[in-house]
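In my numbering, the protein residues as written are 17 to 325. Note that the Cβ used here is the ideal one computed from N, Cα and C, for glycine as well. Here's the structure, in structure tokens; my notes come after.
Shown next, in the form of structure tokens:
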């Protein structure tokens, strides 16, 4: 609980600061767009690669393979849930992609990594990093396609436009991290610390951007609609419990299972806001749902931990 509350306090401070900076006009639309591009194209790729090359040691290849396969299995389950969510929620087609994105992608880095370290030990952070590779591959391919949906254009036109966005520094860094992990490249010294230093800028910058965008959303929209709370119940409770009951008889290592369940029960990913700014999507909805799921996760994360520990 101490680890959870500490991370929630850091998250709240970042959101509030971004909110205030926008209100006092230190952060305007140009600053937000510039920071968004900096995070997605520079600091986030550094963070992804640093998660591998700054470790003291890496698991053997069979263990990495098992964790990697479990991660893809988890996302197969979540993607199946995300596909039916818009129909269950009776959403307008223009919101299908945004709600599917929010169902699939959680805040596995900022909240998931330190929480796993506190509950399961430092070795679990490496497991979470491996789990995060499929997250990033999917987020910057399928996730961009979800947020870029434009129902005024044909499927062929959308595919052509989105294909130009799929190859990005972030996606390249995901594959680089996987190759480095398989080759056992870790603890590289100064190069790793340089990457980590720039990568550490990702979380505070993302929080400032999220808080600044939150200031543009009318307060009544945060609490006046039911669907964001339905999304919160799906992302924070239904998805992790479904993953737990499916994989508890498949994964024998309790730490791997615990990391799997806890990381998929995180609130909506803060980089969803960044991608909305960069590629389109319903920004107001994703900002309000990120805020709501983050607040509610204060209660749901301890519940998940109690189930898997």
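Proximity to residue i [Cα-Cα], best of the options
i	options	result
residue 316	252, 304, 291, 265	252
residue 208	186, 64, 243, 319	64
residue 282	135, 210, 242, 131	131
residue 92	300, 108, 256, 320	256
residue 226	213, 262, 287	287
residue 71	196, 88, 57, 50	196
residue 137	300, 270, 301	270
residue 57	183, 41, 28	183
residue 204	73, 22, 313, 268	73
residue 241	231, 268, 194, 300	300
Residue i versus residue j - alpha carbon distance
i	j	result
residue 217	residue 111	31 Å
residue 229	residue 278	27 Å
residue 142	residue 32	30 Å
residue 114	residue 161	10 Å
residue 324	residue 272	10 Å
residue 109	residue 200	45 Å
residue 164	residue 297	6 Å
residue 75	residue 107	43 Å
residue 77	residue 198	6 Å
residue 139	residue 289	30 Å
residue 43	residue 36	9 Å
residue 49	residue 303	15 Å
residue 322	residue 261	15 Å
residue 312	residue 22	15 Å
residue 116	residue 79	30 Å
residue 134	residue 55	27 Å
residue 28	residue 47	21 Å
residue 266	residue 81	14 Å
residue 318	residue 308	17 Å
residue 41	residue 232	12 Å
residue 51	residue 103	35 Å
Residue environment, residue i, which counts as buried when at least 16 other CB atoms sit within 10 Å
i	result
residue 150	buried
residue 39	exposed
residue 292	buried
residue 148	buried
residue 223	buried
residue 158	buried
residue 87	buried
residue 34	buried
residue 99	exposed
residue 320	buried
6 Å Cβ shell around residue i - same chain, five flanking residues per side excluded
i	result
residue 26	none
residue 155	121
residue 305	118, 244, 247, 284
Own chain partners of residue i with C-beta closer than 8 Å, once the 5 adjacent residues on each side are dropped
i	result
residue 144	124, 128, 129, 132, 275, 279
residue 254	97
residue 188	61
residue 45	none
Contact belief for residue i with residue j at Cβ below 8 Å, rounded distance in angstroms
i	j	result
residue 250	residue 101	6 Å
residue 294	residue 53	7 Å
residue 220	residue 30	6 Å
residue 68	residue 202	6 Å
residue 83	residue 153	Their Cβ separation, rounded to whole angstroms, is 14 Å, which puts residue 83 and residue 153 out of contact at 8 Å.
Cut-off 7 Å between Cβ atoms - residues of its own chain near residue i, not counting five sequence neighbours on either side
i	result
residue 246	105
residue 259	90, 93, 276, 277, 280
residue 192	65
residue 59	214, 215, 217, 218, 221
residue 212	66, 70
residue 95	120
residue 194	149
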